[in-house]
Amino acid sequence: MSTAAKKTVLLFYDVLSPYSWIGFEYLCRARNKWNIDLVFKPMLLAAIMKESGNRPPMMVPNKGIYSGKDLHRLRSFYSIPLNRPANVQDVLMNKGSLSAQRLLTSVQMTQSDLTERLSRELWMRVWSRDQDITANESLLEALKAIGVPDDKATKLIQSIKDPKVIERLKEVTNEALSYGAFGAPTIVATDAKNEKQLFFGSDRMELLASILGEKYEGPLVEFAAAKL
Amino acid sequence: MSHAAKKTVSLFYDVMSPYAWIAFEFLCRARNKWNINLALKPIWLAAIVKASGNMPPVPNKKAYSRKDLSRLSTFYSIPINQPANLHEVLMVKGSLSAQRLLTSVQMTQSDMTEHLSRELWMRVYNRALRSLGVPEDRAKGLVESINDSKVKEKLKEVTNEALSYGAFGAPMIIARDENNEEHFLFGSDRMELLASILGEKYEGPLLQYAVTKL
Chain A
1 MSTAAKKTVL
11 LFYDVLSPYS
21 WIGFEYLCRA
31 RNKWNIDLVF
41 KPMLLAAIMK
51 ESGNRPPMMV
61 PNKGIYSGKD
71 LHRLRSFYSI
81 PLNRPANVQD
91 VLMNKGSLSA
101 QRLLTSVQMT
111 QSDLTERLSR
121 ELWMRVWSRD
131 QDITANESLL
141 EALKAIGVPD
151 DKATKLIQSI
161 KDPKVIERLK
171 EVTNEALSYG
181 AFGAPTIVAT
191 DAKNEKQLFF
201 GSDRMELLAS
211 ILGEKYEGPL
221 VEFAAAKL
Chain B
229 MSHAAKKTVS
239 LFYDVMSPYA
249 WIAFEFLCRA
259 RNKWNINLAL
269 KPIWLAAIVK
279 ASGNMPPVPN
289 KKAYSRKDLS
299 RLSTFYSIPI
309 NQPANLHEVL
319 MVKGSLSAQR
329 LLTSVQMTQS
339 DMTEHLSREL
349 WMRVYNRALR
359 SLGVPEDRAK
369 GLVESINDSK
379 VKEKLKEVTN
389 EALSYGAFGA
399 PMIIARDENN
409 EEHFLFGSDR
419 MELLASILGE
429 KYEGPLLQYA
439 VTKL
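In order, the protein sequences belong to chains A and B.
Mapping of the first sequence onto this note's numbering: position 104 corresponds to residue 104, and the numbering continues sequentially without gaps.
Add 228 to the 1-based position in the second sequence for this note's numbering, that's all there is to it.
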């Protein structure tokens, strides 16, 4: 790996977004090949939608149908165990991700070495095993699953109500909006000229590589953490 | 190139869509590498958007698309210079006549469709106007055919065909794989996946086969 300074790649994401999961897994794998510093930025997608005036793609029926097929193919292509929840409308529109995103924010503030594994475990719950991510019990299960001891886990769940955590999630969400976000995932990468470039979606990785002066080598399945 | 039967890749497109231009150029180039038969299917995007209940992009998305297209223009070596009054071009002037012209050409002189599509994209998205090089009487006949009821009907047919697959925008690709199964792909950013479906190799933007230049 080069001794040159790492290029920063900010990943703004919400575990409600399956395409965010794809973007997340890909960038985690790319760290093995690219000289990058991947920074996790959990944000609240619902707020991004509201502030930008955008609407979730599922609001257009044909888009909803298409994305089901699209995700099914990407599942194999990227070797990510994506499974659509049985009542996806309810999961996305009613249940949401506020507590989950606050928990990720809290973890990123105080125990950032856990953020990656917790993010993945939350995606596995909602977008692979069709499990709840809204109730405290569910979030406790997620923390246990990644090996967090009971007392620490309980404190983290309590921190979801901490005004500092609530404020921090708003801050990060506003940061994404300040870059011009309208959905998830939103990637902000600093290029060779030290300019920040915005990328939307999980399908600009080849272009991202080009801008970072790195090589694009496909889905990098050999570095997959979560496998099919 | 393989002796196996070519796999059909149908591209449903409207010259109003810059992303459709990218998909078009990439697939034209890919014919040099992949064992495919590219079928061009001009549609009327405005009808697709209306029928599917899709919405125009919000301000942040519009601003993002400008940057996105600028980068993709360089990456693919396609001279996408966005018109200053893009909204007027897309919403007010529209593409009905252009798409009917393409439909007419595809019905009667399909060897011209590719060239004409590219020229129309260049007109919308590039300030340098290139002449079509078509003899005047032929050109006149084609422009007049825009009002021909058969041409109008055919454009409706192809647009409805796109909708029958579940279209909500452009470009839309229908690819038949080796098992004769059809796959629907939306956008110009599923080419690597398309290669995988077709059992072909993905090798980037294929600039060595670019007809367009910056």
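Using N, Cα and C, we set each Cβ at its ideal position, and we do this for glycine too.
- In the DSSP annotation of this structure, the continuous segment of the beta strand (DSSP E) that includes Q197(A) starts and ends at K196 to F200.
- Comparing C-alpha distances from F24(A) to each of V107(A), M109(A) and T115(A) shows the shortest one belongs to T115(A).
- Between A153(A) and the set L143(A), V39(A) and S202(A), the nearest pair of CA atoms involves L143(A).
- The beta-carbon of D203(A) is placed less than 7 Å from the nearest beta-carbon of chain B.
- Of all residues in the segment 159 to 182 of chain A, only G180, A181 and F182 place a beta-carbon less than 7 Å from a beta-carbon of chain B.
- Taken in chain order, the complete alpha helix (DSSP H) segments of 4 or more residues contained in the segment 229 to 266 of chain B are 246 to 258.
- Closest option to V188(A), judged by alpha-carbon separation, among D14(A), K41(A), N32(A) and V15(A): K41(A).
- Counting every other CB atom within 10 Å of its CB across the protein chains shown gives L435(B) a total below 16, marking it as exposed.
- Annotation: S20(A) has no Cβ neighbours in chain B at a cutoff of 7 Å; minimum Cβ distance is about 16 Å.
- Within chain A, E206 and Y216 have C-beta atoms less than 8 Å from the C-beta of G432(B), given in sequence order.
- Non-local C-beta neighbours of V39(A) in its own chain, meaning closer than 8 Å and more than five positions away in sequence, comprise T8, V9, L10 and L11, ordered along the chain.
- Judged by beta-carbon spacing, I374(B) lies beyond the 7 Å limit of R346(B), meaning their Cβ atoms are not closer than that value.
- Assigned with DSSP and collapsed to three states, F77(A) falls in helix.
- Counting only the Cα atoms, L44(A) lies some 11 Å from A181(A).
- Secondary structure note for T173(A): its alpha helix (DSSP H) is the uninterrupted segment P163 to Y179.
- Between the alpha carbons of R125(A) and I146(A) lies a distance of about 12 Å.
- Cβ atoms of A326(B) and L348(B) come within 8 Å of each other, at about 5 Å.
- The Cβ neighbour count for N265(B), taken over all protein chains shown within 10 Å, is under 16; the residue is labelled exposed.
- Between A100(A) and L122(A), the gap from beta carbon to beta carbon is short of 7 Å.
- L383(B) has a beta carbon lying at 7 Å or more from every beta carbon in chain A.
- No residue range can be given for Y437(B), since it is assigned to no beta strand (DSSP E) and is classified by DSSP as neither H nor E.
- With its beta carbon at least 7 Å from every one in chain A, A232(B) lies outside the interface.
- In this chain, the alpha helix (DSSP H) harbouring R328(B) covers L324 to T336.
- Per DSSP, the unbroken beta strand (DSSP E) holding P42(A) starts and ends at I36 to P42.
- A direct Cα-to-Cα measurement between G369(B) and V286(B) gives close to 40 Å.
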